[in-house]
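2 protein chains.
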Amino acid sequence: MEALDYHAEERRKAEFDLEEMKIVWAGSRQNYEISDRMARLVASDPVFRKDNRTMLSRKDLFKDTLRKAAHAWKRIIELRLSEEEAHMLRSYVDQPAFTDLHWHEKWLPMAYKMQIIGCYAQTELGHGSNVQGLETTATFDPQTDEFVIHSPTLTSSKWWPGGLGKVSTHAVVYARLITGAQDHGVHGFIVQLRSLDDHSPLPGITVGDIGMKFGSGAYNSMDNGLLRFDHVRIPRNQMLMRVSQVTREGKFVQSDVPRQLVYGTMVYVRQTIVSDASCALARAVCIATRYSAVRRQFGSQNGGPETQVIDYKTQQSRLFPLLASAYAFRFVGEWLKWLYADVTQRLQANDFSTLPEAHACTAGLKSMTTSVTADAIEECRKLCGGHGYLSNSGLPELFAVYIPTCTYEGDNVVLLLQVARFLMKTVSQLGSGKKPVGTTAYMGRAEHLMQCRCEVERAEDWLKPSVILEAFEARAFRMSIACAKNLSKFSNPEGGFSELSPDLLEAAIAHCQLIVFSKYIEKLQQDIPGKGVKRQLEILCNVYALHLLHKHLGDFVTTSCITPKQGALANEQLRLLYSQVRPNAITLVDAFNYTDHYLGSVLGCYNGNVYQRLYEEAWKDPLNDTVVPDGYLEYVRPILKQHIRTARL
Amino acid sequence: MEALDYHAEERRKAEFDLEEMKIVWAGSRQNYEISDRMARLVASDPVFRKDNRTMLSRKDLFKDTLRKAAHAWKRIIELRLSEEEAHMLRSYVDQPAFTDLHWHEKWLPMAYKMQIIGCYAQTELGHGSNVQGLETTATFDPQTDEFVIHSPTLTSSKWWPGGLGKVSTHAVVYARLITGAQDHGVHGFIVQLRSLDDHSPLPGITVGDIGMKFGSGAYNSMDNGLLRFDHVRIPRNQMLMRVSQVTREGKFVQSDVPRQLVYGTMVYVRQTIVSDASCALARAVCIATRYSAVRRQFGSQNGGPETQVIDYKTQQSRLFPLLASAYAFRFVGEWLKWLYADVTQRLQANDFSTLPEAHACTAGLKSMTTSVTADAIEECRKLCGGHGYLSNSGLPELFAVYIPTCTYEGDNVVLLLQVARFLMKTVSQLGSGKKPVGTTAYMGRAEHLMQCRCEVERAEDWLKPSVILEAFEARAFRMSIACAKNLSKFSNPEGGFSELSPDLLEAAIAHCQLIVFSKYIEKLQQDIPGKGVKRQLEILCNVYALHLLHKHLGDFVTTSCITPKQGALANEQLRLLYSQVRPNAITLVDAFNYTDHYLGSVLGCYNGNVYQRLYEEAWKDPLNDTVVPDGYLEYVRPILKQHIRTARL
């Protein structure tokens, strides 16, 4: 039965070399091979089974997660996996666990040495994005050479840290450092939370799980925790003293380590988030694309089969831009890896010149790619019609587990405002001779970008990357300039920034879309082997750009970057491009090389045998354990048997 | 403690009469009183408690639902509630149950007479929107005077009907009627599924639940079911013979009852969906608005409290248009009730003239309001920051339980295409002298709408309803005309419609937005008592229109309905309107009169004591039953105790 391939006909239509495309997607042949090997390793191991996950109670789900984490640990050691391999393996296990955070880059060496399980306790019940608003205190006691960690208010309770609730033995706690009567702002402290003998919380520590989160499986495998301190004492040397120190006498000393170093870590973390966004988006798109080829609705002629929904232009116009976005985010993620390496190298040479631009760029890309991905997963679910609402479509869980990405490591709106601030600064310095660098370099061509006119006359003119690029650059630049102009009318710049913030967000988005598109074009300038591979990527690149142009037509037209007529031509070209994507769609999602285990979707399974599997999966629901449901005798039968006592109803 | 009101200061700021606004929202004083009484009745009854819902296993959740349904039934009879009161009570129980469908208008009399529990079995595993594609057969056997109901394929399995899986004893089954060798298309048949003695499925019937759906509580309280028939025989008189009949001899006879009657029911059902959309949207907005006034982030000056997030323009620009939409949908829903009454009256007088327009209008409004509401619930969740991701914020469950509305009773995209088809027909008849009626009447002013120019010169000009209305009419009309023009270039009209369908969707949306806005204006032309009430509604009406104008700026500008400059002025006016909404925001959501029970949200609770309640709720999670989690000994301790055997990691 499983030898059947309902997509065989679709796969025959492909006009490019799938194996080469897989390598492009993975980034390199080596990445591809590791990823493929780890995915199969996980998929073939019964301990990592996850098809029953949404039916488990919270407790059982959590226990299952502990079991998988321990098993992954065991396999990693047994197989002597490299750090990269281990990372891949954990990501294919696809179940959020305390180990995701525990094995976080910076924490790792300490965790290994100390035989502990650690987490980061930063956010508080009443304080999220604004780290400077944290309330937990760490007061130095010179008499005992200790810090006293304390939660002075309810809102100062630590809240959200992953792994904190039930598993972590230690935490890096962020707290206001107080020496004498002075508040030195927020610093990190290592605090033991639980006994290493019996795992019970230490005196003065109140710790627990914060409760159920979105979805039935999703992030409920993680013990996001709460934590309160009642005057907990720790030795002075458990303050993280890389940036500042407290002496034995209680003197606060700033080190000369540049504070900018922290931005390096931010660039790293956000780079991985962009890369994960492309993975999550690709996963949703893969499911929706495959099922759109299986599913048929309407259009039957002479009693023949109905039309595959993927053949409808309404379906294509919603789905193919997301497919294109998956590739676009993949390539910008790859470029961010390079950027991180570049920043690291410069930091080591004490060159901080590119840091603000790199920081703004990664903040913007984190925000933009995760917001698009979150919305896109839900859009893919809708593209699967009614069956997308079933948990075993994989999409509800994917959505529920993905969306926190829009909030953590910087709320997406807060991050875009940071980008906008950087853009306004860059604009304000244009006259001063300071040359904008990196992803803002285009702003250096201010005069040209304010004057240029799009020269598109026919639909096919919209296929030239240089033409689209100029339109995107002009749009982004003119929106920034318009904001700057409006800002200058306010006597109080901060008030103006706040008042105009909705417009500033739009300017920041325009800038971020430009970055993604321009990095895609750079990718296409590289040598890309394989029959038809580059051609497909070019088509998707145009789809990516032109769908944005249509979506934000108001931006382009009101800034006079293009005329209404040119907008209509772009739309016409877009329709033609969809027809070119159509025969390759199934193979373009095959290139993601996802196993059925990882996809976790009946609708997206490789061979397309969807209906058979939906039917089989249904019987696994606990409600089907008995033919007559629990509660029938107490609550249903009496209704059926009673005589109506009132006619009024 | 609960006497505290953290929102007291906000409530003092209101510039209008709250009690009168509550009546406006409810539609009448009588509606308000019934609604208020039923809401309190449910909220005060411990059986209807729902705060632990997301933590229940599927089986326990289902049993809890049966219990609540039986209790609601009991209370309705004991209190001799009217049909309207009973409907309200069930809606405040706020847990999808088989009774929602069983008590459906049309089924009701039969259900009472027969002492059965019924459901509608229409959609099939392989067939959703396209009813004509159903595969289940009902073959007449003249020898026994019976129909033989059969599922010939796997894809013909009935799939999705609510209440079917575990509870219903009977179903109205939609199947292809076959007499002799002839297929007469799809008709309805009443089929008994389960024994009335012991609830076991009858011979030839396979029935069960289709499995877990989106979310942890949400629609998992409902036993959406699957159903297969193996040559099940039913007497001939169990065919629903209102529209067509089969005689004793097996002759198929179409009755002379007009088929249009079915549209009357559609108008009714979709009207209730629009009304429910305003309720769901209002609920999400209420939660997000109240929490936005409690939550503070950044902006602390001189160590004072941080800024309430509701004071940020970014928050206002996302939240207030949704608040305005809730009111707008409420009023258009009210108007649809009138439309349904009007249609019913005409049908009784055999006047079918307004039916196509009424049908297109309700289809479009169902599609538009539910799509907006689904997206808005998720937007409200994001507006609550990290805590919105907790189940007890109420928003994850509200989202999960709401989104199927976009699919059932007509997929939203399919419905919009029906609207577009009607618009194209209307346009094509403009020259013929046939006058467009009802919500398309504006198209009768074709010449004016193609020529008119918006006369806005200053931001405040955008406060005139007539100015905005003309811009919306011109935009909708010109988009329809542009589609019609492009369609005329295709030699095959169906091919053209399919090729241009993405543009046609946009034209249909423009038309629907116009309907909502124009009905809001009509509402404002009525007498609305109460200090400041009308004024607030006028402000919200302008917010509704101008935020759409900004969102769809490309439409307005490329069709030359407004200039880019006028678009910028609208945006400027919109910001001023947000400032006017701000002091009234909390009271405007108080007007929905939702109990804390119904809201089901810690973040949205009436008195704003959010952090205390979040903290208390956390401890109720089953993971917190023990300090040391289940699984610690097996899966965590070994990791902590083992010595590292490899340095390679």
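For the protein sequence lines, the chains are A and B, in the order given.
Per UniProt numbering, the first sequence runs over residues 1 to 649.
Per UniProt numbering, the second sequence runs over residues 1 to 649.
Just so it is clear, CB atoms sit at the ideal spot from N, CA and C, and this is done for glycine as well.
Keep in mind the model is a prediction, meaning the values are calculated, not measured.
Taking Cβ positions only, does residue i come closer than 8 angstroms to chain A?
i, result
"residue 335 of chain B", "no"
"residue 619 of chain B", "yes"
"residue 289 of chain B", "no"
"residue 199 of chain B", "yes"
"residue 499 of chain B", "yes"
"residue 306 of chain B", "yes"
"residue 223 of chain B", "yes"
"residue 364 of chain B", "no"
"residue 511 of chain B", "no"
"residue 615 of chain B", "yes"
Drop a sphere of 10 angstroms on the beta-carbon of residue i, count the other beta-carbons inside from all chains shown, and report buried for 16 or more, exposed for fewer.
i, result
"residue 320 of chain A", "buried"
"residue 536 of chain A", "buried"
"residue 298 of chain A", "exposed"
"residue 656 of chain A", "In the structure as shown, chain A starts at 1 and stops at 649, and residue 656 of chain A therefore has no counterpart that could be examined."
"residue 33 of chain A", "exposed"
"residue 492 of chain A", "exposed"
"residue 571 of chain A", "buried"
"residue 650 of chain B", "Here chain B covers residues 1 to 649 and nothing more, so residue 650 of chain B does not appear."
"residue 412 of chain B", "buried"
Give a yes or no on whether the minimum CB-CB distance between residue i and chain B is below 8 angstroms.
i, result
"residue 72 of chain A", "no"
"residue 406 of chain A", "yes"
"residue 84 of chain A", "no"
"residue 567 of chain A", "yes"
"residue 55 of chain A", "yes"
"residue 273 of chain A", "no"
"residue 105 of chain A", "Residue confidence for residue 105 of chain A is low, a pLDDT of 49 falling below 50, so the modelled location carries little weight; the figure read from the coordinates is stated next. No, its Cβ sits nowhere closer than 8 angstroms to a Cβ of chain B."
"residue 208 of chain A", "yes"
Which same chain residues, not among the five before or five after residue i, have their C-beta less than 8 angstroms away from its C-beta?
i, result
"residue 634 of chain B", "none"
"residue 45 of chain B", "71 and 75"
Please list the partners that residue i has in chain A, where partner means a Cβ-to-Cβ separation under 9 angstroms.
i, result
"residue 128 of chain B", "295, 297, 385, 386 and 387"
"residue 612 of chain B", "154"
Within its chain, find whatever has a CB closer than 7 angstroms to the CB of residue i; leave out the 5 residues flanking it on each side and keep chain order.
i, result
"residue 315 of chain A", "292, 309 and 383"
"residue 204 of chain B", "229, 230, 231 and 232"
"residue 326 of chain B", "278, 281, 282 and 285"
"residue 331 of chain A", "519, 520 and 523"
"residue 632 of chain B", "none"
Report the neighbours of residue i on chain A: residues whose CB is nearer than 8 angstroms to its CB, in chain order.
i, result
"residue 392 of chain B", "211 and 212"
Under 7 angstroms between beta-carbons, which chain B residues line up against residue i? List them in chain order, please.
i, result
"residue 160 of chain A", "386"
"residue 226 of chain A", "618"
"residue 63 of chain A", "630 and 631"
"residue 624 of chain A", "208 and 209"
Check the DSSP bridge columns for residue i and list the partner residues they point to.
i, result
"residue 229 of chain B", "B:205"
"residue 158 of chain A", "A:124 and A:227"
"residue 119 of chain A", "A:171"
"residue 194 of chain B", "B:201"
"residue 390 of chain A", "B:213"
"residue 311 of chain A", "In the DSSP output, where bridge partners are listed per residue, residue 311 of chain A has none listed."
"residue 177 of chain B", "B:138"
"residue 244 of chain A", "A:254"
Under 7 angstroms between beta-carbons, which chain A residues line up against residue i? List them in chain order, please.
i, result
"residue 411 of chain B", "385"
"residue 639 of chain B", "70 and 73"
"residue 216 of chain B", "212, 215 and 216"
So which residues on chain B does residue i lean against when the C-beta distance must stay under 8 angstroms?
i, result
"residue 50 of chain A", "Under the 8 angstroms cutoff, chain B gives no residues; its nearest Cβ is about 13 angstroms from residue 50 of chain A."
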